[in-house]
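Residue 34 in this note's numbering is what sits at position 33 of the sequence shown, and the numbering runs on without skipping anything. We put the beta carbon where it would ideally sit given N, CA and C, even for glycine. Here is the structure we will look at.
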Amino acid sequence: MPVRRLEPGQVIGGFELESPDPAAAVFEYAVTNQVDHIVVGARAGFGLPRHLGSVSSRVVAEAPSTVTVVRTN
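Below, the structure is given as structure tokens:
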């Protein structure tokens with residue numbers, strides 16, 4: 002699939018506290034709203050999560066759609 006530039010107004014973002022389980026809330030939102038691409042942030046932890054973060058690791062492994070992980074230093 003080719004990459005294309007998004008025009009203003011094509012990106013919808015925001016946040017709400019949905020659940021004490023953030024990954025489950027992401028999955029539920031993605032399925033309910035037919036999301037085709039999820040973007041999550043990552044921060045360092047320990048073990049495999051050390052590379053992504055525990056929530057982003059789970060989202061990558063279990064998401065119903067494409068996932069992009071953005072890491073900040």
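Note down, in chain order, each residue of its chain lying with its Cβ closer than 7 Å to the Cβ of Phe28, except the 5 sequence neighbours on either side.
-> The sequence position of residue 28 within the sequence shown is 27, counting from 1. These residues qualify, in order along the chain: Glu63, Ala64, Pro65.
Smallest Cα separation from Ser20: which of Tyr30, Gly14, Gln11?
-> Here residue 20 refers to the residue found at position 19 of the sequence shown. Residue Tyr30 holds the alpha-carbon nearest to the alpha-carbon of Ser20 among Tyr30, Gly14, Gln11.
Which value, in whole angstroms, describes the spacing of the CA atoms of Pro9 and Val40?
-> Reading the sequence shown from its first residue, position 8 is the one you call residue 9. Reading the sequence shown from its first residue, position 39 is the one you call residue 40. A straight line joining the alpha-carbon of Pro9 with that of Val40 spans about 17 Å.
For Leu49, count neighbouring Cβ atoms within 10 angstroms of its own Cβ and tell me buried if that reaches 16, exposed if not.
-> Position 48 of the sequence shown, counted from the first residue, corresponds to residue 49. With a pLDDT of 47 at Leu49, under the threshold of 50, the modelled position of this residue cannot be trusted; read the value that follows with caution. Classification of Leu49: exposed, given that the 10 Å Cβ count is below 16.
Quick one: give me the first and last residue of the alpha helix (DSSP H) that Val56 is part of.
-> On the sequence shown, residue 56 is found 55 positions in, with the first residue counted as 1. Here the alpha helix (DSSP H) through Val56 covers 55-63.
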